[in-house]
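Numbering (our numbering), first residue to last: 7 to 347.
Beta carbons: idealized from backbone N, C-alpha and C, even for Gly.
These notes concern the structure reproduced below.
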């Protein structure tokens with residue numbers, strides 16, 4: 007039986023799948039099986055897998071497209087490995103990835119259900135930058151209630167027993183599937199972070215994160231499940247995510263409700279910052295008058311600094327929102343950060 011089962015769910019990604027397959031085949035650790043779950047693709051995915059066939063590669067095709075959570079559940083269900091490792095079809099492992107994660111997880115007590123690590127980002131404009139992931143040491147349920155600690159799937163490996171006890175991936179979610187699983191797992195197990203970036207994540211390939219409708223529905227469903235257990239700062243972040251998705255969809259009314267909720271859940275001392283972040287989002291999507299309202303409220307309640315003043319100024323400039331925001335980002339590189347909790 008293989009030590010590690012690598013699961014790759016895929017749907018119409020024949021153009022990028024080869025690099026994921028090759029990255030697994032080139033691993034320095036070879037005691038693995040690689041399971042590709044084709045979620046009802048209509049392109050050449052099956053042929054691509056056949057072209058890269060070897061004795062550790064297994065191919066499963068679902069009869070119809072059921073979504074990434076269903077594909078993951080199928081893959082883990084048929085897996086034979088002691089450890090489960092996820093690799094999206096548009097990403098790729100560095101050569102020593104399985105070796106390092108296997109060694110670290112082997113060294114952990116049973117209380118630690120899985121490990122995670124940093125990631126390189128490639129999105130067409132950035133190459134080799136390290137994704138902002140909390141790594142290093144043990145992370146518990148409280149850490150996951152406070153933030154989306156891992157921020158992905160391809161930078162994790164966990165014991166197969168975790169999947170069994172947690173109950174698999176939630177197939178009703180259209181986004182944040184990874185965070186939902188990791189948060190539920192953290193209620194029964196700890197996670198151990200490895201500082202090294204061991205996967206290359208391609209943020210430039212269209213997927214769930216490029217679909218605001220899926221983001222909105224997924225995050226709203228996630229909040230229905232978990233809002234009562236999240237820390238208020240994280241709840242506010244999630245509602246801002248809903249608000250941004252609504253603005254992308256042109257739904258200003260629901261965006262307003264989401265941003266107001268992101269402010270209301272915060273303690274009074276934190277609301278100026280919440281107004282600032284809402285105003286920044288409105289400005290990004292071209293709603294200058296809404297931005298002015300929130301930024302003015304932020305300044306009125308105490309968040310008066312140069313960064314906020316710049317935002318207020320940009321929000322009234324007679325230029326396009328895109329040009330305003332690009333100018334703002336350039337200026338803000340040297341300004342104090344106010345975009346945290």
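Rounding to the nearest angstrom, what Cα-Cα distance links residue 205 and residue 68 in this structure?
27 Å
What distance in whole Å lies between the Cβ atoms of residue 225 and residue 268, which are believed to be in contact at a cut-off of 8 Å?
The Cβ separation is near 12 Å, so there is no contact.
Just verifying my parser: in three-state terms, what is the DSSP assignment at residue 47?
coil
According to the neighbour-count rule (16 or more other Cβ atoms, all chains shown, within 10 Å of its Cβ), is residue 159 buried or exposed?
buried
Less than 8 Å between the C-beta atoms of residue 34 and residue 92, yes or no?
no
Would you check if there are 3 or more beta carbon pairs closer than 8 Å linking the region 262-278 to the region 168-178?
no
Assuming contact is defined by CB atoms lying nearer than 8 Å, are residue 41 and residue 85 in contact in what I supplied?
yes
To which residues does DSSP link residue 122 through a beta bridge?
162 and 199
Closer than 8 Å by C-beta to residue 166: which residues in its own chain qualify, once you throw out the five before and the five after it? Chain order, please.
11, 82, 85, 87, 88, 89 and 90
For residue 125, I'd like the list of residues in its chain whose CB is within less than 6 Å of its CB, leaving aside the five on either flank, ordered along the chain.
137, 161, 203, 205 and 207
Quick one: grab the DSSP three-state call for residue 40.
strand
Note down the Cα distance separating residue 257 from residue 62, rounded to an integer number of angstroms.
48 Å
Nearest-angstrom Cα separation, counted from residue 49 out to residue 65
15 Å
Helix, strand or coil at residue 68 [DSSP, three-state]
coil
Return helix, strand or coil for residue 62, following the three-state DSSP convention.
coil
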